[in-house]
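Just below is one structure, and these are the notes that go with it.
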Amino acid sequence: MNQRSQYRRLVDFELHNQMQLLSNQLQIKQQELEKSRNCYVDLYDHAPVGYLTLDNNGKIFSINLTGASLLKAERHTLIGKLFSDYFANIDKQAFVTYLQETFSSSRKTSIDLKIGNIDDILSYVRLESTVINSKNMCRMMMTDISQLKKMINLNRDLLTENRQLMKELFRVQEKERRVLARELHDALGQWLTAIRAENEVILNYTDKNSIIFTSAQAIKECTEKMHQVIRTMLHRLRPILLDTLGLPDALCELKKQWISHNTGTILRLELSGNLSLLGERLNINIFRLVQEGLNNAYKHAKASQIDVFLGRETIMGNSTAEFLLLKIKDNGKGFNLHANSTGLGLVGMRERVITLDGRMVIESAQNRGTDITIRLPFPAKN
Ligand SMILES: Nc1ncnc2c1ncn2[C@@H]1O[C@H](COP(=O)(O)OP(=O)(O)OP(=O)(O)O)[C@@H](O)[C@H]1O
Ligand SMILES: [Mg+2]
C-alpha cells in the first residue's frame with residue numbers, strides 16, 4: 001500500500017468515527033426531545049382543565065383528554081365535530097353567539113354554559129378563549145364549574161328561603177303587635193278608665209282636707225300617667241291611624257309625637273301625590289322604615305334637622321315604572337358605613353325593602369349627615 005492510499009484510509013477512518021459520534025449525539029438529542037415531548041403531551045392531556053382548538057365554524061380541531069372526559073366522549077370521536085353539539089339545547093345558540101364574539105374580538109372572552117342534556121344533573125363549564133393570531137382558529141380553555149354552580153344555586157335557594165322567612169316574620173310580628181295593641185287598648189285601657197271614674201267619685205264625695213282625698217288625688221295623677229304610657233306604647237305597637245285613616249295621617253301623627261319628645265330638632269315631613277291607597281303591606285312597612293330612620297337620627301346623629309320625603313316617582317324608559325320614593329335625611333354627625341355594628345335597625349330596614357322588591361341606598365360621611373334613599377315598586381308585589 002502506497003503512502004497516498006494509507007493517508008486516504010486514515011481520513012476515512014477519522015470521518016467514520018466523527019459520523020458515528022454525531023449519530024450517537026443525534027440519537028441522545030432525539031431521545032431527550034421525545035422525553036420532553038411526552039412530558040408536554042402528558043401535561044397537555046392531563047391538565048386539570050380542558051384545552052381545545054376550534055376553527056371559526058366551531059369545529060373541534062384538537063382537544064386534550066381532560067376536555068374529552070368533560071364532554072363524556074372518546075377524543076377521536078370529537079375531532080371534526082361541532083363543539084356546539086355538546087351543549088344543552090338552551091345554550092347552543094348562546095355558544096354560537098359567543099364564538100362569533102370571540103372571533104371578532106382581540107381580547108380574551110369568557111362564558112359559562114351547560115353541557116350535556118337538560119335533564120342531566122348540573123354540569124357546567126366555563127370557556128375562556130383567545131383567537132390565534134392571523135389564523136382562523138381559536139384556543140379555548142374549558143373549566144368544570146359544576147360544583148361552583150351547585151353552590152351558587154344552593155346559596156340562591158337559601159337566600160330566597162331566607163327572604164320568604166323574613167317576609168313571614170314581619171307579617172307575624174305585625175299581627176302579634178296588633179293583637180297586643182288591641183288587648184292593651186280594650187282590656188287594660190278600659191280597666192284604667194273604670195279606675196279613673198271610681199276615683200272621681202271618691203274625689204267628689206270626700207272632704208278636701210282628708211287623707212283619703214290626698215290619696216285619691218295621687219291615684220288620679222298616677223292613672224293619667226299610665227294612660228299616657230299606654231297611648232305611647234299603643235302607638236309604637238300599632239299606629240291606630242294607619243288602619244283607620246291611612247299612611248299620610250299616621251305619618252303626620254308620628255311627626256307630632258316625635259316633635260313633642262325631641263323639641264331641639266326640626267323635623268320636616270313632605271308628602272307628595274296620592275298616598276292614601278297603597279295597601280296595608282306597603283303602609284305598615286313604610287311606617288316602620290320612617291320610624292327606624294327617625295329613631296336612628298335621634299339616637300345617633302344628634303341632628304338639628306331631619307327631612308322626610310315620601311312621594312310617587314315615575315321613571316320613563318323602555319317601559320314606564322312607578323315607584324314610591326322615601327328619603328330620610330339628617331344633618332347630623334354621620335357614620336362609617338363599613339363599620340361593624342351589632343344593631344338590627346338598618347339590617348331590618350334593608351330586609352323590609354328587599355321583601356318589597358325595592359332598593360335602599362345609604363350615603364353617610366363623618367359630620368356630613370346621613371341620607372337614606374328607598375325606592376319601592378308600586379303597586380307592591382305580594
Ligand atoms: N342617622 C344616623 N346617624 C349617625 N349614625 C347612624 C345613623 N343611623 C345609623 N347609624 C349608625 O349605624 C349603627 C347601626 O344602626 P342600627 O339602626 O342598625 O342599630 P342601632 O340603632 O345601634 O340599634 P337598634 O336599631 O338595633 O336598636 C348605629 O349604631 C350608628 O352607629
Ligand atoms: Mg337603630
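Just so you know, we're using the working numbering here: the sequence shown kicks off at 1 and counts up by one. In this text, a Cβ means the ideal position worked out from N, Cα and C, and glycines have one as well.
- CA-CA distance, Q147 to T342, rounds to 34 Å.
- Assigned with DSSP and collapsed to three states, V49 falls in coil, not helix or strand.
- Closer than 6 Å to some heavy atom of ligand 1: that does not describe the Cβ of T265.
- Scanning its chain for C-beta atoms nearer than 8 Å, with the 5 sequence neighbours on each side dropped, one finds around P239 the residues A250, E253, L254, F287, in chain order.
- With contacts defined as CB atoms closer than 7 Å, L70 and D144 qualify as a contacting pair.
- In the structure shown, T214 falls within a helical segment according to DSSP collapsed to helix, strand and coil.
- Cβ-Cβ distances below 7 Å link E351 to M166 in the same chain, with the five nearest sequence neighbours on each side left out; the list follows chain order.
- Following the DSSP letters along the chain, one finds I132 in no beta strand (DSSP E), marked with neither H nor E.
- When C-beta atoms of the stretch 228 to 238 are compared with those of the stretch 178 to 188, three or more pairs fall below 8 Å, so the two segments count as touching.
- A check of alpha carbon separations from N367 across I374, D330, M151 identifies D330 as the nearest.
- Non-local C-beta neighbours of S304 in its own chain, meaning closer than 7 Å and more than five positions away in sequence, comprise T265, I266, N331, ordered along the chain.
- Membership of P377 in the beta strand (DSSP E) is indicated by the continuous run 370 to 377.
- The Cβ neighbour count for A194, taken over all protein chains shown within 10 Å, is under 16; the residue is labelled exposed.
- A distance criterion of 6 Å places the beta-carbon of D157 beyond contact range of ligand 1, judged by its closest non-hydrogen atom.
- Checking the DSSP bridge columns, you'll see L326 partnered with L310, I374.
- Under the three-pair Cβ rule at 8 Å, the stretch 17 to 35 does not count as touching the stretch 79 to 98.
- Going by DSSP, S146 is part of no beta strand (DSSP E) but of the alpha helix (DSSP H) stretching over 146 to 183.
- Taking the Cα of W258 as reference, the smallest distance to any Cα among A339, G273, N274, R236 is reached at R236.
- Runs of the beta strand (DSSP E) spanning 3 or more residues and lying entirely within the stretch 68 to 116 occur at 109 to 114, in chain order.
- A Cβ-Cβ contact shorter than 7 Å links L192 with T223.
- Not one heavy atom of ligand 1 is found less than 6 Å from the C-beta of H261.
- According to the DSSP assignment, M349 belongs to the alpha helix (DSSP H) that extends over 345 to 355.
- The DSSP-derived three-state label of S364 is strand.
- DSSP lists I266 as the bridge partner or partners of Q305.
- Measuring C-alpha to C-alpha distances from P377 to each of S364, E363, R359, T370 identifies R359 as the nearest.
- Within the chosen limit of 6 Å, ligand 2 reaches the beta carbon of G343 through at least one heavy atom.
- Between Q6 and Q20, the alpha-carbon positions lie close to 21 Å from each other.
- DSSP places S260 outside any beta strand (DSSP E); the residue lies instead in the alpha helix (DSSP H), whose first and last residues are 247 to 261.
- Listed as beta-bridge partners of M19 by DSSP are no residues whatsoever.
- Y124 sits in a strand when the DSSP states are folded into three classes.
- M151 counts as exposed, since fewer than 16 other C-beta atoms from the protein chains shown sit within 10 angstroms of its C-beta.
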